[in-house]
Amino acid sequence: MRNYTENIIEAENLVKKFGDFTANDRLNFQVKKGEIFGFLGANGAGKTTAIKILCGLWLPTSGNIKVAGFDVYKQREKIKRNIGYMSQKFSLYEDLTVKENFRFYGGIYRMRSGDIREKTGFFLKKLDLEKSGDTVLSSIPLGWKQKLAFSIAIMHDPKIVFLDEPTGGVDPVTRRQFWDMIYETAHNGITVFVTTHYMDEAEYCDRVSIMVDGKIEALDTPGNLKEKFRVESMNEVFIKLARKK
Amino acid sequence: MIRAENLTKYYGKTRGVEDISFSVDDGEIFGLIGPDGAGKTSLFRMLTTLLKPDKGKATVGELDVVKDYKKIRKKIGYMPGRFSLYQDLSVEENLAFYARIFNTTIQENYHLVKDIYQQIEPFRKRLAGNLSGGMKQKLALSCALIHSPEYLFLDEPTTGVDAVSRQEFWDMLENLQQKGITIMVSTPYMDEASLCDRVALIQKGSIFNINRPEGIISDFGRDLYALRSRDMFELNKDLKNYKNTHSAFRFGESIHFTAENISGEPESLRNYLIEKGHEDLKLEKTEAGIEDCFMDQMTAK
């Protein structure tokens, strides 16, 4: 991580309630420019709720939250234009070609035609997929699809990209190539906010937060967390925290 | 016993699996380890009589998957990869429904599902569609067990499930094994391989290794080093550019490295990295895990 100081996410007492149920209970955290921030937690801990708020899709119940410098209550459209998003479940359109997917998302982000063409060329070259530009997405292997989806999520140079379990089910070699891409992206100053169930990937983050039952129970570098819990791996940190309840 | 001989399945021109042979002994936990698209689900569907093989033969408990499909269905429990229970029925209704399909009742086989079902019983009135991921998985397993099957087929039961629930799930499988159930389970998580009695590594429709987990690891056959330095990003790059690198992959907080040619290593590597200016460099020999073995085989092809 480079030593940027600018905060790309600022969350102060983020609360989200659904009736009596508190999905997010006073979350406090900042994420810096160029940081790889791991957002971990058990199923149902409240990660997805928080991500939806940070992406400008849902309104919080209370709290002061800014993403890319914009307010999550009043400037949600601006947030959406300054972030990228990809997940394992929703990524690209299977019945469009590779190039058409770039064209489509570039259009959604209101990029100029020339810029879309330039970025498409740039990423296809980088992924060594220049020959596959006109291939329909459904015939592209999963690993490549995930790399394409990630490239498309950052083609408009967002300030931050949200990756929701981006490597689920991907083979171990591709999983590592994907993380090489994440590293490079962060190195170029785009903040990466990532969730994963692979605990070895938690070790690759600059800092990780671990949510348990709607609260952030730990937030630090992987090294400090392991030291604090006196364990050897992030897997053990995670299990210690999530089992506590 | 589960036995597959030269099983082959194509979808048009796309290969599902090709020429797969293996056998699973009664009482074993047999793991099928491989990424999405490797052919795991095709294999499960053929063994559970839902898909006919193009070529080859398979038997479950001496029964043929094509000829004796009706008899097989009574003996097996199947938990498909995608959640396939009735979302608009409650937890309790789903379980009762599966029991009735097999002409039994929840009461009759409650002892089999008790440990698992008890964890979701407080939510028995809730619609299955409104359960969290971990609870859905427990309900699906209960439904696959309620007719007291001899063989259990679990297709990626832990995908998308957090580390704690995954561990609990494997504890449940061990309990079921002790009750004499033979279990075939697939997973993309390489670390789960060590929890199986034997595993098959599968990639692009073929199995490239079947062995006990310890056996797969002892087959690795290369010197493996774990490296760390203050700047892991640069270390990763420098290792990829090193002239004698056979493989360099990140593993948690270290990078695992194997050399193309072992002579002079790891001293030359150490010198190269010191020249590159790496601080706090740690370089030590380490033991391979299943994931190292899997990647070694993948990149060899």
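As you go down the protein sequences, you meet chains A and B in turn.
Here our numbering is used: the first residue of the first sequence is 1, the next is one more, and so on.
Here our numbering is used: the first residue of the second sequence is 1001, the next is one more, and so on.
From the three backbone atoms N, C-alpha and C, an ideal C-beta is built for every residue, glycine too.
Note that the structure is a prediction, hence the values are computed from the model and not measured.
CA-CA distance, B/E1267 to A/V98, rounds to 45 Å. B/H1256 is a Cβ neighbour of B/A1226, given a cutoff of 7 Å. Non-local C-beta neighbours of B/L1131 in its own chain, meaning closer than 8 Å and more than five positions away in sequence, comprise V1091, I1120, F1123 and L1139, ordered along the chain. The beta carbon of B/G1031 is closer than 6 Å to those of V1185, A1193, C1196 and V1199 in its chain, skipping five residues each way along the sequence. A/G46 is positioned such that its CB atom lies closer than 7 Å to that of A/N24. A contact between stretches requires three or more CB pairs, one per stretch, nearer than 8 Å, and the region 27-38 of chain A meets this requirement with the region 189-196 of chain A. The beta carbons of A/V67 and A/I79 sit closer together than 7 Å. Straight through space, the alpha carbons of A/L137 and A/D164 are spaced by roughly 20 Å. Within chain B, no residue has its beta carbon less than 7 Å from that of A/A50; the closest one is some 16 Å off. Cα atoms of B/K1040 and B/S1021: separation of roughly 13 Å, rounded to the nearest angstrom. For B/L1239, the enclosing alpha helix (DSSP H) starts and ends at M1232 to N1241. A/A186: member of the alpha helix (DSSP H) spanning P172 to H187, first to last residue.
The C-beta of B/L1050 has fewer than 16 other C-beta atoms within 10 Å across all chains shown, which makes the residue exposed. Chain B places a beta carbon closer than 7 Å to that of A/R176, counting this residue as a contact.
At a Cβ-Cβ threshold of 7 Å, A/T185 and A/R175 do not count as neighbours. Put simply, the CB of B/V1017 is far from chain A, with every gap to its CB atoms at 7 Å or more.
Straight-line measurement puts the Cα of B/T1258 at about 45 Å from the Cα of A/I108.
Taking A/Q88 as the centre and dropping the five residues before and after it, the same chain places the C-beta of Q146, D164, E165, P166, T167, G168 and G169 closer than 8 Å to its C-beta, in chain order.
Annotation: Cβ neighbours of B/V1161 in chain A (cutoff 8 Å, chain order): N43 and H197. Judged by DSSP in its simplified three-state form, A/T49 adopts helix.
Restricting attention to alpha helix (DSSP H) runs no shorter than 4 residues, the region 86-118 of chain A encloses them at 98-108, ordered along the chain. Note on the region 1114-1164 of chain B: whole beta strand (DSSP E) runs with a minimum of 3 residues are 1151-1154, in chain order. From the listed residues A/F39, A/D115 and A/K131, the smallest Cα separation to A/M155 is found for A/D115. In the structure shown, the three-state DSSP call for B/H1256 is strand.
Of all residues in the region 1125-1141 of chain B, only S1132, G1133 and G1134 place a beta-carbon less than 7 Å from a beta-carbon of chain A. Residues of chain A with a Cβ closer than 7 Å to the Cβ of B/Q1087 do not exist; the shortest Cβ-Cβ separation is about 17 Å. Between B/G1252 and A/D206, the CB-CB gap reaches or exceeds 7 Å.
Annotation for B/D1025: no alpha helix (DSSP H) segment contains it, and DSSP assigns it neither H nor E. Going by beta carbons, B/E1005 and B/K1075 fall outside the 7 Å limit. Taking the beta carbon of A/F238 as reference, the chain B residues within 9 Å of it are D1162, A1163 and V1164, listed in sequence order.
Taking a contact as a CB-CB distance under 8 Å, the pair B/P1035 and B/P1188 counts as one, their CB atoms being some 6 Å apart.
Under the 7 Å criterion on CB atoms, A/V98 is classed as non-interfacial with respect to chain B. Look at B/R1198 here: in three-state DSSP terms it is strand. Unbroken beta strand (DSSP E) runs of no fewer than 3 residues, entirely contained in the region 1028-1077 of chain B, are found at 1029-1033 and 1055-1060, following chain order. Taking C-alpha positions only, A/T221 is separated from B/T1008 by approximately 48 Å. The beta-carbon distance between B/M1298 and A/V231, rounded to whole angstroms, is 30 Å. This is too long to meet the 8 Å contact definition.
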